[in-house]
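Chains as they are written, first to last, in the numbering used here: chain U, 418 to 611; chain F, 123 to 415.
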C-alpha cells in the first residue's frame with residue numbers, strides 16, 4: 418500500500434490525537450469487571466472423613482470431571498461438609514489444607530519393605546506385605562499365646578499390640594474389634610483422644 | 123454472567139457513571155476477636171481456595187507466620203504480645219483487606235478497571251488490568267495490598283468474590299472452628315456484633331467496641347475488639363481515612379486543570395507559530411555544517 422506524503426502526515430496526526438485522548442481517559446474500550454470463575458461449578462462431590470484426628474470431621478472432596486468412564490478424576494479442592502454433625506462445615510488448619518496432603522510427593526502410595534540390616538525401603542507387592550505380616554503374627558501368636566493363667570482360661574495374646582484408625586465408621590470399628598479380640602489380642606488402641 | 127449477581131458500583135480510573143438502578147444487599151464479614159484462638163484455619167482455607175502457596179519461612183520469634191501479608195498470603199493471623207499491669211496479653215488479630223466503603227486503593231489506582239467495587243461492598247482487584255504502579259499500596263490506610271515481586275501485580279483478599287457471586291460464604295468464614303468469623307448482610311453482622319458487645323461488656327471488657335471506622339465510610343470486614351479503646355494494640359489505625367492526594371488527584375477539578383493546561387500549551391504553540399513562524403536556524407548553526415540555499 419502506498420501513501421502520499423500528505424496522507425502519511427494525516428495518519429500520524431490522527432494517531433497522535435487518538436492516543437492523546439485515550440491517555441486523557443477517553444478510552445473507547447469498555448473495561449469489563451468480572452469475578453474469578455467459580456472453580457467448583459461442575460466438579461463432582463464425594464463425602465469423606467478427615468483422616469487426621471479423632472474428631473472425625475466430615476469433608477467434601479471436589480473432583481475434576483463428572484466421573485464419566487473416560488474422565489479420570491483429580492481432587493482439586495477439599496472443604497468442610499456443612500451437613501456433617503461433627504463440624505458443620507468448619508475445619509482446622511490441617512483439615513483446611515488436606516488437598517496438599519492428598520497430592521503430597523511424600524505420601525506413601527504402595528507397600529514398602531526394609532529387610533533387617535538393610536538401609537533402604539524397597540517397593541513390594543501387596544501379596545508380599547500381607548503374607549509377611551500374617552506370617553509374623555502367626556509365629557508370634559504361636560510362641561506367646563497364653564491359654565491359661567493358673568486355673569482360669571484366658572486365651573490372651575499380649576506380646577503384640579494393634580493400632581487402628583480413629584476416623585473409622587462404627588461398622589469398621591466393630592469389625593476391627595471382632596477380628597482383634599478373636600485373635601486374643603488385648604492391647605487394641607486407636608487415636609481417639611488427640 | 124457473574125456481573126448479574128455482583129453489580130459494579132465503582133471502578134478505578136473510570137470515565138463513565140456506573141449503573142445505580144439495582145439495589146443488592148451489602149455483605150460483611152464479622153471478626154469476633156474475642157473468640158479467635160489463632161489456629162490459622164482461615165489462613166489455610168484462604169490459601170487452599172485461592173490457589174496460593176506461600177514460601178515456608180523461618181521462625182522469627184513470633185507465632186505470626188508467614189511474617190507478613192504477601193501476594194501469596196491474603197490473610198494473616200498477627201500475634202501481638204503486650205504487657206500491661208504486669209500481665210502478658212496476647213492480642214490475636216486477623217489481618218487482611220477490610221473492604222472499605224470508600225476505598226483508598228481504588229481512589230489511588232490509575233489503571234482503568236484494575237480495582238472494582240461491587241454493589242455488595244466487596245473491593246476486588248483485577249490483576250489483568252493492573253499496571254503494577256503500586257499506588258494502591260500507598261492509598262490504603264490499613265497497609266494491605268502487596269505488590270508481587272514475581273509479576274509486578276498487586277494482590278489482596280477478594281472476600282472470595284467468586285464464592286460470594288454464587289451464593290457461598292468466603293472460605294475463611296466456612297473453616298473457622300471457633301465461630302470467630304461470621305458472614306452475612308452488613309446489617310445482620312452489625313446486629314450480631316452489638317449483641318456480642320453486650321456479652322463482652324458484662325464479662326468485664328467494658329471498653330470493647332466494634333471497629334467499623336467512619337473515616338473510610340465504614341468497612342465490609344468489621345472487627346469486634348475486646349480492647350476497643352486501643353485499636354492500635356491490634357495494629358489497626360485509630361482514625362483511618364483516605365489521604366487528600368488520593369481524594370483529589372482524579373477529581374473533576376484536577377482533571378479540568380490538566381486538560382486546560384494541555385489545551386493552553388497547544389493554543390500557545392499555535393499562536394506562537396502564527397506570530398513568529400517556523401524556527402529559523404542560521405546556516406552556520408546546523409550540526410552537520412550543511413548549508414542549504
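For glycine and all other residues, C-beta sits at the position ideal for the given N, C-alpha and C. Given the structure is predicted, the values throughout are model-derived calculations rather than measurements.
query: So, is residue 239 of chain F buried or exposed, given that buried needs 16 or more other C-beta atoms within 10 angstroms?; result: buried
query: Specify the secondary structure class of residue 536 of chain U as computed by DSSP and reduced to three states.; result: coil
query: Is DSSP giving residue 445 of chain U helix, strand or coil here?; result: Residue confidence is low: residue 445 of chain U scores 49 on pLDDT, short of 50, so the model does not pin down where it sits. No coordinate-derived value is stated.
query: From which residue to which residue does the beta strand (DSSP E) around residue 131 of chain F run?; result: 130-133
query: Note the first and the last residue of the continuous alpha helix (DSSP H) segment covering residue 548 of chain U.; result: 543-561
query: Check whether chain F comes within 8 Å of residue 532 of chain U, counting only Cβ atoms and requiring the distance to be less than that.; result: no
query: How many Å lie between residue 398 of chain F and residue 373 of chain F at the Cα?; result: 37 Å
query: Given that a residue counts as buried once 16 or more other Cβ atoms are within 10 Å of its Cβ, and exposed if not, what is residue 280 of chain F?; result: buried
query: Label residue 257 of chain F either buried or exposed according to how many other C-beta atoms from any shown protein chain fall within 10 Å of its C-beta, with 16 as the threshold for buried.; result: buried
query: At which residue ranges does the region 462-525 of chain U contain complete alpha helix (DSSP H) runs of 4 or more residues, listed in the order of the chain?; result: 510-513 and 515-519
query: Between residue 501 of chain U and residue 307 of chain F, what straight-line distance do the alpha-carbon atoms span, to the nearest angstrom?; result: 25 Å
query: Could you give the DSSP three-state label for residue 565 of chain U: helix, strand or coil?; result: strand
query: Compare the Cα-Cα distances from residue 540 of chain U to each of U/529, U/534 and U/600 and report the closest residue.; result: U/529
query: I'd like to know if residue 128 of chain F contacts chain U, where contact means its C-beta is closer than 8 Å to some C-beta of that chain.; result: yes
query: Could you tell me which whole alpha helix (DSSP H) segments of length 4 or greater appear in the region 132-188 of chain F?; result: 163-171
query: In three-state terms, what does DSSP make of residue 607 of chain U?; result: coil
query: Say whether chain U places a C-beta atom closer than 8 Å to the C-beta of residue 314 of chain F.; result: no
query: So which residues of chain U does residue 288 of chain F contact, with C-beta pairs closer than 7 Å?; result: 455
query: From residue 269 of chain F to residue 345 of chain F, what does the alpha carbon distance come to, in whole angstroms?; result: 25 Å
query: Output yes if chain F places a C-beta closer than 8 Å to the C-beta of residue 506 of chain U; else output no.; result: yes
query: Is DSSP giving residue 246 of chain F helix, strand or coil here?; result: strand
query: Leaving out five residues on either side along the sequence, give the residues of the same chain with a beta carbon under 6 Å from the beta carbon of residue 185 of chain F.; result: 201
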